[in-house]
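Below is one structure, written out as structure tokens, with a few remarks after it.
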Amino acid sequence: MKTLRSHFRTATLAFCTAGIFASQAMAVPAIAPDQATPIVLAASDCYAIGLQVASQNGGTLAKASQSTRGGQPVCVIVVLVPGKDGQRPRRSEIVVPQN
47 MKTLRSHFRT
57 ATLAFCTAGI
67 FASQAMAVPA
77 IAPDQATPIV
87 LAASDCYAIG
97 LQVASQNGGT
107 LAKASQSTRG
117 GQPVCVIVVL
127 VPGKDGQRPR
137 RSEIVVPQN
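Remember, the working numbering sits 46 above the position in the sequence shown when you count from 1.
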């Protein structure tokens, strides 16, 4: 019985070692990546666009959501612009193309 347990332990160790080497071999890329190609972001972030729009309008960002209007992706930005002479803030909704 001890020899069967010994053989089983040796076989398990051999399979684990082979699995580690096989996983390392699969992790190596087959083709080296081309460093000359730039990284291009495919989608814009509505929150980041909203922060830019809010700072341009002198207000604070209240809401930024993604929507589709006319088949085009847009960001619907809600900015709270401070009121004049201590009045309530004014709510301004701005639709910006998501590019």
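For glycine and all other residues, C-beta sits at the position ideal for the given N, C-alpha and C.
- Item | Start and end residues, alpha helix (DSSP H) containing Gln144 | Taking the first residue of the sequence shown as position 1, residue 144 is located at position 98. Note, Gln144: premise wrong, no alpha helix (DSSP H); not H, not E.
- Task: Taking Val28 as the reference, give the member of Tyr93, Gln133, Thr49, Arg134 with the closest Cα.
- Result: Nothing about residue 28 can be read from this structure; the chain reaches only from 47 to 145.
- Since Val120 contacts Gly105 with CB under 8 Å, what's their CB separation in whole angstroms? Against the sequence shown, residue 120 aligns to sequence position 74. Against the sequence shown, residue 105 aligns to sequence position 59. The Cβ separation is near 19 Å, so there is no contact.
- Nearest to Gln144 (by Cα), restricted to the options Thr56, Gln98, Thr49: Along the sequence shown, read from residue 1 onward, the residue named residue 144 stands at position 98. Looking at the Cα atoms, Gln98 is the closest of the given residues.
- Arg136 versus Asn103, Ile95, Ser52, Arg55, residue with shortest Cα-Cα distance: The residue labelled residue 136 in the question sits at position 90 within the sequence shown. When C-alpha distances from Arg136 are compared across Asn103, Ile95, Ser52, Arg55, the shortest belongs to Asn103.
- Cβ-heavy atom distance, Thr114 to the ligand GDP, below 7 Å: Of ligands this structure carries none, so the ligand GDP is not represented either.
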